[in-house]
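Note that my numbering has the sequence shown beginning at 326, numbered continuously upward.
We put the CB at the ideal spot given by N, CA and C, even for glycine.
Presented below is the structure to which this report refers.
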Amino acid sequence: MKSIYSTFMACLLTMQLFANTINIADMGAKGDGKTDNTTIIQRAIEAGVNGNIIIPAGTFITGPLFLTSNVSIYLENGATLAGSTNLATYRKVFAGNAKGQLPALIYGNNIENVTIYGQGTLDGQGGHPNFQLGDDSKSGAVRPILIYIENSRHISIRDINIRNSAYWVQKYASCDGVVLRGLNIYSHCNFNNDGIDINGSKNVIISDCLIDSDDDALCFKSDHTLCENMVVSNCVIRSNCNAIKFGTGSASGFKNITVSNCVIHKASEEKRRHWKQAFPWMKITQDTTVITGIALEVVDGGVMDQVIVSNITMQDVQTPVFIRLGDRSRKVTQAVSVLKNVSIHDVIATSESALTSAITGIPGSYIEHVSISNVQISAPGGVDKAEEVTAVPENIAAYPENRMFGNILPAAAFYVRHVKNITFDNICVTTRQPDSRPAFRLEDVSGAEFSRCRLNGQAATAP
């Protein structure tokens, strides 16, 4: 009798859990790759509160969808939710939005408890000719993001494939409690194809993701509010731009962040960058490269504090590490940016350009308390005395990028300027060709400590 009762209660619980399951095919949606299912899917979302919306196998075309609170969307194996290629649809739906609010295929604002999961695919169809409008200086306001969620709580996106965005692949702005886990992201079909953008959000977990993007793979910004309490782990990252980037937008800042156990490689395809041809002075050694493996940038008046990056393996990078405190677009009433308490350890990097790692503040504003340890770098070398630069320009307000100084930097491993209290421990650098530069070059630096640092097998410090 007890067994029968237990079985009955289990069945009852299952019925309650799935009582509000809605299969969009049962509502008339057609997965034929042609029919516009926007109205049906939107109705399912609005009716599916506290339940599951099922996207079955097939290709379901849809225009912009607006998420509601307390809803889950499940993409079955073989299911593709594909964005409409009618650009006018996005323009019409988002025409009245506030300045700076971008159109999206899947959009949510002021929502909570939303999950998108399964084994299926979200496809923005961003390679369609209608979306080929150039970079974001001309067309970013009209090309749709694939997923855009803002001012929301408890958002979970997991285990799905995300493909071919017309703009950024996904953006989460001013959110609290975002979990992105097990995502397979691939987007090389348009300009500005960032893999994941987090802007001013807190309590964020990104783990076990495969990211292969034309633009920055993981990009964190803080235009209005802090990015804080974030964990990134166990990701394989491919990019034609920066692999892991904090900035450029940094008016508020970044606090309490860990990035660990990630592998970085060049992107699977390269359609529009051509770094080697565009910048011959950088001595890039292969056709496809990542700009920077780890980029930490605060240039708009914000604060970066308590950031730990560890257990990173990177190949195909132009520059392994780029840390920049600048003064680009700070408001007059705002203090200059602050960058302090950064630890980078256990990194193995193979670089493919003469632009070595850089850690630079600006006159009167210092990066403080940086620890670099257990780092192995294989660099191409090949710089001779005639190419050495003795005076590196400040470029205080320049866009922060590894090539922002316009010259090969005068160090084979790390160029450090305007920094207080920095330690280098167990740094091993080898150059594959002879290089006349010292391993480290320090300018306006106090409190620097070196231990167990070697260049091509010889003890190395800063001259």
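For the set N720, C552 and P688, the Cα lying nearest the Cα of K745 is the one of P688. For K710, there is no enclosing alpha helix (DSSP H), as DSSP marks it with neither H nor E. Residue range F765 to S776 is occupied by the beta strand (DSSP E) that includes L767.
Listed as beta-bridge partners of M555 by DSSP are V529 and I582.
Secondary structure note for Q495: its beta strand (DSSP E) is the uninterrupted segment Q495 to A498. Nearest to T410 by alpha-carbon distance, out of D533, P389 and L400, is P389. In its chain, beyond the 5 residues on either side, V642, P645 and A704 have a beta carbon closer than 6 Å to the beta carbon of S676. For Q640, the enclosing beta strand (DSSP E) covers residues V628 to L650. If you draw a straight line from the Cα of I721 to the Cα of I637, it is about 29 Å long. A contact between stretches requires three or more CB pairs, one per stretch, nearer than 8 Å, and the region 506-515 meets this requirement with the region 442-461.
For the beta strand (DSSP E) assignment, the uninterrupted runs of no fewer than 3 residues enclosed by the region 732-762 are, from N- to C-terminal side, 739-756.
With fewer than 16 other CB atoms across the displayed protein chains lying within 10 angstroms of its CB, T364 is exposed. K417 sits exposed, since fewer than 16 C-beta atoms from the chains shown fall within 10 Å of its C-beta. Around E719, the same chain offers I687 and P688 as residues with beta carbons nearer than 8 Å, after the five sequence neighbours per side are excluded. Check the Cα spacing between D461 and each of N518, D501 and I379: the tightest is with N518. By the neighbour-count definition (other C-beta atoms within 10 Å, threshold 16), R597 is an exposed residue. A contact between stretches requires three or more CB pairs, one per stretch, nearer than 8 Å, and the region 742-759 meets this requirement with the region 695-713. With a minimum length of 4 residues, the unbroken runs of alpha helix (DSSP H) contained wholly in the region 392-442 fall at 412-418. Per DSSP, the unbroken beta strand (DSSP E) holding I702 starts and ends at I692 to A704. The beta carbon of I530 is closer than 6 Å to those of V504 and V556 in its chain, skipping five residues each way along the sequence.
Taking the C-beta atoms as reference points, F579 is found no nearer than 8 Å to S532. Taking 8 Å as the cut-off, the Cβ atoms of R563 and S585 do not count as close.
Nearest to K359 by alpha-carbon distance, out of P725, I378, G383 and G376, is G383. Just so you know, the alpha carbons of D541 and V770 end up roughly 30 Å apart.
Comparing alpha-carbon positions, the option among A736, T614 and G626 lying closest to D539 turns out to be T614. Assigned with DSSP and collapsed to three states, E475 falls in strand. From the listed residues L734, L650 and D484, the smallest Cα separation to K608 is found for L734.
For C544, the CB contacts under 6 Å within the same chain, skipping 5 residues up- and downstream, are D519, D522 and K570 in chain order.
G408 sits close to L430, with the two beta carbons spaced by under 8 Å.
The continuous stretches of beta strand (DSSP E) do not include A787, and DSSP gives it neither H nor E. Counting the other CB atoms within 10 Å of its CB gives A413 a total below 16, which places it among the exposed residues. For L406, the closest alpha carbon among the candidates D361, A679 and Q602 is that of D361. The beta carbon of V708 sits closer than 7 Å to those of A679, I733, D760, S761 and R762, all from its chain and outside the five residues before and after it, given in chain order.
Of the candidates S682, D484 and I378, S682 places its Cα closest to the Cα of I702.
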